[in-house]
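With positions in the sequence shown counted from 1, the corresponding number in my numbering is that position plus 495.
A virtual CB, placed ideally from N, CA and C, is assigned to each residue, including glycine.
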Amino acid sequence: TITAAGGTAHAWHLDVSNQQNVEQVIAEVAERFGGIDILINNAGISTPAPIDSEGYEAVWARGVDVLLTAHTRTIRAALPWLRKSSSPRIVNIASTEGLGATKGISPYTASKHGVIGLTRSLAVELGGEGINVNCICPGPIDTAMTARIPEDQRKKYAHRRVPLNRYADPEEVAQMTLSICLPAASFLTGATIP
């Protein structure tokens, strides 16, 4: 764990769909740690919903709210502290769905395309202030969201769509996230990394 390795860690419950909760938690984090240097937007949900399905509009609204609008909530709440940082970074986690599409999950896919567009736009808007904004687009990752997919379908998908023919470990995404937050990546902004 982080504390066992000599680091400092603390956990908060954050509902990214609740503006008041976002503002409260961001302020508490900044107060506890003396500011905010890095913001990583990684909240996610996935609810299959074909376009003509019952309840599609509710799935759409919830998906866009959690997967895209929440990014703007957290960024706006963290900006005062990011602007005070000597090396501010924003990392938005999208998905390879933002680079393509799979049938039956259009709320998810459209939101992930939106995260890529938001990243590019904010890289231009905030770049003059020295704030780097980048996007990581994980493909299939071994997580709770993908655990419910039958193994034969996972293998077929990985073989057809992933050059390494496997699902990734969450740590592999974490390592890429860390890499683009390090000083060595100080000139990288507006990038979309699959």
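Is the Cβ-Cβ distance between P689 and L563 less than 8 Å? By one-based count along the sequence shown, residue 689 stands at place 194. By one-based count along the sequence shown, residue 563 stands at place 68. Not a contact, by the Cβ cut-off of 8 Å.
Compute the distance between the beta-carbons of A565 and V554, then report whether it is under 8 Å. Position 70 of the sequence shown, counted from the start, is the residue given in the question as residue 565. Position 59 of the sequence shown, counted from the start, is the residue given in the question as residue 554. Cβ atoms of A565 and V554: not closer than 8 Å.
Between the beta-carbon of L509 and the beta-carbon of A573, is there less than 8 Å? Within the sequence shown, the letter at position 14 stands for residue 509. Within the sequence shown, the letter at position 78 stands for residue 573. Annotated as distal: L509 and A573, with beta-carbon spacing of 8 Å or more.
Among T604, R661, A686, which one has its Cα closest to the Cα of I636? As a position in the sequence shown, residue 636 is number 141, starting the count at 1. If we check each option's Cα against that of I636, R661 comes out closest.
Alpha carbon to alpha carbon, how far is S581 from A679? Against the sequence shown, residue 581 aligns to sequence position 86. Against the sequence shown, residue 679 aligns to sequence position 184. Their Cα atoms are separated by approximately 14 Å.
Quick check: what's the CA-CA separation for R578 versus I626? What you label residue 578 is simply residue 83 of the sequence shown in a count that begins at 1. What you label residue 626 is simply residue 131 of the sequence shown in a count that begins at 1. For R578 and I626, the distance between alpha carbons rounds to 7 Å.
Can you round the beta-carbon distance between N587 and V610 to whole angstroms, since I take them to be within the 8 Å contact cut? Counting from 1 along the sequence shown, the entry for residue 587 is found at position 92. Counting from 1 along the sequence shown, the entry for residue 610 is found at position 115. Confirmed, Cβ separation roughly 5 Å.
Quick one: what's got a C-beta closer than 6 Å to V520's C-beta in the same chain, skipping five residues either side? Within the sequence shown, residue 520 is the residue found at index 25, counting from 1. Excluding residues within five positions, the ones whose Cβ falls inside 6 Å are W507, L509.
Cβ pair G539, M671 closer than 8 Å: Counting from one through the sequence shown, the residue named residue 539 turns up at place 44. Counting from one through the sequence shown, the residue named residue 671 turns up at place 176. No, they are not a contact pair.
Does I600 come out as helix, strand or coil in the three-state DSSP assignment? Looking up residue 600 in the sequence shown gives position 105. Coil at I600, not helix or strand.
Taking the C-alpha atoms as reference points, what is the distance between E592 and A605? Position 97 of the sequence shown, counting from 1, holds the residue named residue 592. Position 110 of the sequence shown, counting from 1, holds the residue named residue 605. Rounded to the nearest whole angstrom, the C-alpha separation of E592 and A605 is 8 Å.
In terms of residues, what are the limits of the beta strand (DSSP E) holding I535? Stepping through the sequence shown from its first residue, residue 535 is reached at position 40. Note, I535: beta strand (DSSP E), 533-536.
Is the beta carbon of T569 less than 8 Å from the beta carbon of V628? On the sequence shown, residue 569 is found 74 positions in, with the first residue counted as 1. On the sequence shown, residue 628 is found 133 positions in, with the first residue counted as 1. No.
List the residues that DSSP assigns as beta-bridge partners of C630. Here residue 630 refers to the residue found at position 135 when the sequence shown is read from its first residue. C630 pairs with N587, T687.
Compare the Cα-Cα distances from K607 to each of S548, E624, P633 and report the closest residue. The residue given as residue 607 occupies position 112 in the sequence shown. The residue with the shortest Cα to Cα distance from K607 is P633.
Looking only at its own chain, which residues have a Cβ that is under 7 Å from the Cβ of S512, when we skip the five neighbours before and after it? Taking the sequence shown and counting its residues from 1, one reaches residue 512 at position 17. Same-chain partners within the cutoff: D560, V561, A565.
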